[in-house]
Amino acid sequence: MNPVKSLKAQKSELGESAFQLKVLNDEERIGKKLPLFRDKLLDQSLFPLKPTQLEIFQINVGKMCNQVCKHCHVDAGPDRKEIMTKETMQHCVDIIGKYKFTTLDLTGGAPEMNHNFRWFIEEIRKVDDNINIIVRCNLTIILANPKYHDLPSFFKKNRIEVVSSLPATSASRTDSQRGDGVFEDSIKALLMLNEVGYGIEGSGLKLNLVYNPAGAFLPAGQAGLEKEFKRVLSSKFGIVFNSLYAITNIPISRYLDYLLVSGNYGAYMEKLVEAYNPVAATNVMCRNTLSIGWDGYLYDCDFNQMLDLKVAAKSQHISEFDYEELSNRSIIINQHCYGCTAGAGSSCGGEVA
Amino acid sequence: MSSYYNSEDLPKFGKIGEFGAKDLAKDFFKYYGETFKDGALTEREKSLIALAVAHSMQCPYCIDAYTTDTIQKGCTEDEMMEAVHVAAALAAGVKLVHSVQMINKAKEVTM
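Sequence order for the protein chains is A and B. If you number the first sequence the way full-length UniProt numbering does, the last residue is 353 and the count never jumps. If you number the second sequence the way full-length UniProt numbering does, the last residue is 111 and the count never jumps.
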């Protein structure tokens, strides 16, 4: 049974970022002393961690969502009212028009639930026709209300890359993570996307899936999972897609709550530390990404955003954007960063090593 | 020793070479790693076979390891359970096929 309310609405201690950071550094809860992530980077002469180049501009346009997934690091849900304003969006459009980012990555919540979502994308296309725009679409939003039914056509018109979560090829495991009925609606939505050309060879319309483990384990190799997802989705439902990104669950927010409640927290943290991969550490996404919160504040990544760890710079808000300073900032790290360096590594685009 | 099987002992498996016969351990783990790589069979298929063998050998460590491994590789509950049924069917078959020996002997000693 999935939660019906966010941790924040439940007034859970874990709804507070300061408490999450306390848990992440609490040896007693883990059961043993784990090496500091900082020391791992020091061993590789990677500390302080510095950006390589600002390439990806990731914007969280709001925490409102039609789903309440058990692993959600945003603690998103229908009860979250934090939504990016048009004014903040305009600041983002201005920055995108001024600097050359390769990718704009829109996330949420369900980004489509922001009333200015379509206006925002059209404005971005006006200032940068070439930027690759990604929308992290949870699929079920397309069926949630008639006003969203035309989203596949809107995406197509604006040459959006659609990235959607699907943790399993079975209803039971998908629904256990994302809520009852989510698998069935996700399949319907994928078929709607295929129908307008998404995922179809030669269409130029990219449809990528995200695999997050539905439990306290790390993802297996991305290539093997992609092959299996392609085989099953094609043979059972006639669905095609481009790539599958295997993403490790980061131990914060609702996933941290799940780990604690299920008694898996200590073992999971140990697993992440044991699987530390120096190559993945070199390629972590925060080195080429900038994350913007719904209220315009700047972060090193979406996870730091949820932990309220703003960038270590004077220009912490989109309204005072300083490209040079942000390009030379030191990236803020903590124990949750082990999630991005375990095994083949993990980023919003999947494996990194 | 509170129990012969402790889940916290599983991660220590990779360190058996520290106790002795280091080269043999090294060779074994190299062979083990190579065996489970994609080949004529996929990693996923090999993991399901390992899950069935784990039950057949009644090894708690292996059941623990390959339950997680098959789930990680995207195997469904039905696939996992069917793999265990294969192990169970084989175990039953192994017993029952010996009944042929019983029948042969029975025929030999009876009129």
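Where is the CB? At the ideal position from N, CA and C, for every residue including glycine. It should be emphasised that the depicted structure is a prediction, and the values quoted were computed from it without experimental measurement.
Approximately 7 Å separates the beta-carbon atoms of A/Pro213 and A/Pro167; this is inside 8 Å, confirming the contact. Secondary structure at B/Ser2: coil, using DSSP grouped into helix, strand and coil.
When CB distances to chain B are screened at a threshold of 8 Å, the residues of the segment 172-196 of chain A falling below it are Ser172 and Arg173, in chain order. If you check each beta-carbon in the segment 218-229 of chain A against every beta-carbon of chain B, the ones closer than 9 Å belong to Leu218, Pro219, Ala220, Gly221, Ala223, Gly224, Leu225, Lys227, Glu228 and Phe229.
If you check the CB distance, A/Ala280 and A/Val162 do not come in under 7 Å. With its beta carbon at least 7 Å from every one in chain A, B/Thr35 lies outside the interface. Residues are counted here when their Cβ sits less than 9 Å from a Cβ of chain B; for the segment 195-215 of chain A these are Tyr211, Pro213, Ala214 and Gly215, given in chain order. Sequence-distant partners of A/Phe183 (beyond 5 residues in either direction) whose C-beta falls short of 7 Å from its own C-beta, in its chain, are Ala171, Thr174 and Asp175.
When C-beta atoms of the segment 43-50 of chain B are compared with those of the segment 6-24 of chain B, fewer than three pairs fall below 8 Å, so the two segments do not count as touching. Annotated three-state conformation of A/Ser346 is coil, per DSSP. Between A/Asp43 and A/Arg254, the CB-CB gap reaches or exceeds 7 Å. With respect to the C-alpha of A/Thr341, the residue from A/Ile247, A/Gly293, A/Phe154 and A/Tyr148 having the closest C-alpha is A/Ile247.
In this structure the segment 200-211 of chain A lies against the segment 143-163 of chain A, because at least three pairs of beta carbons, one per stretch, are closer than 8 Å. Against chain B, a Cβ distance below 8 Å from A/Ser45 picks out nothing, because the smallest value is about 28 Å.
Under the three-pair Cβ rule at 8 Å, the segment 256-276 of chain A counts as touching the segment 24-40 of chain A. Counted as a single uninterrupted DSSP element, the stretch harbouring A/Asp322 is not any alpha helix (DSSP H), since DSSP gives it neither H nor E. Fewer than three beta-carbon pairs drawn from the segment 183-199 of chain A and the segment 92-103 of chain B are found closer than 8 Å, and the two stretches are therefore not classed as touching. Interface flag for A/Ser170 against chain B is set, since a Cβ pair is found closer than 7 Å. The Cβ neighbour count for B/Thr110, taken over all protein chains shown within 10 Å, is under 16; the residue is labelled exposed. Of A/Thr102, A/Leu24, A/Gly97 and A/Phe120, the smallest CA-CA separation from A/Val127 is found for A/Gly97. Listed in chain order, the non-local C-beta contacts of A/Gly293 below 6 Å within the same chain comprise Asn60 and Gln305, local neighbours out to five positions each way being set aside. In the three-state reduction of the DSSP assignment, A/Lys310 falls in the strand class, which pools E and B.
If only complete runs of 4 or more residues are kept, the segment 255-294 of chain A shows the alpha helix (DSSP H) at 265-274 and 278-282, in order along the chain.
Interface flag for B/Glu8 against chain A is unset, since no Cβ pair is found closer than 7 Å. Here the alpha carbon of A/Ser17 sits roughly 35 Å from the alpha carbon of B/Lys12. Around the CB of B/Val100, fewer than 16 other CB atoms lie within 10 Å, so the residue is classed as exposed. Rounded to the nearest whole angstrom, the C-alpha separation of B/Lys107 and B/Ala89 is 27 Å. In the three-state reduction of the DSSP assignment, B/Ala54 falls in the helix class, which pools H, G and I. DSSP, reduced to helix, strand and coil, places A/Glu82 outside both helices and strands of the structure shown, so it counts as coil. Around the beta-carbon of A/His115, fewer than 16 other beta-carbon atoms lie within 10 Å, marking it exposed. Put simply, the CB of B/Glu43 is near chain A, with a gap under 7 Å to one of its CB atoms. Listed along the chain, the chain A residues whose CB falls inside 7 Å of the CB of B/Glu77 are Ser172. One thing to note: A/Glu82 has its Cβ within 7 Å of the Cβ of A/Gly62. A/Ile160 has A/Ile133 as its beta-bridge partners, per DSSP. Here A/Ser6 has Asp75, Gly77, Asp79 and Arg80 as same chain residues with Cβ atoms under 6 Å from its own Cβ, once five neighbours each way along the sequence are excluded.
Excluding five sequence positions before and after A/Asn194, the CB atoms of its chain that fall closer than 7 Å to its own CB belong to Ile200, Ile239 and Val240, given in chain order.
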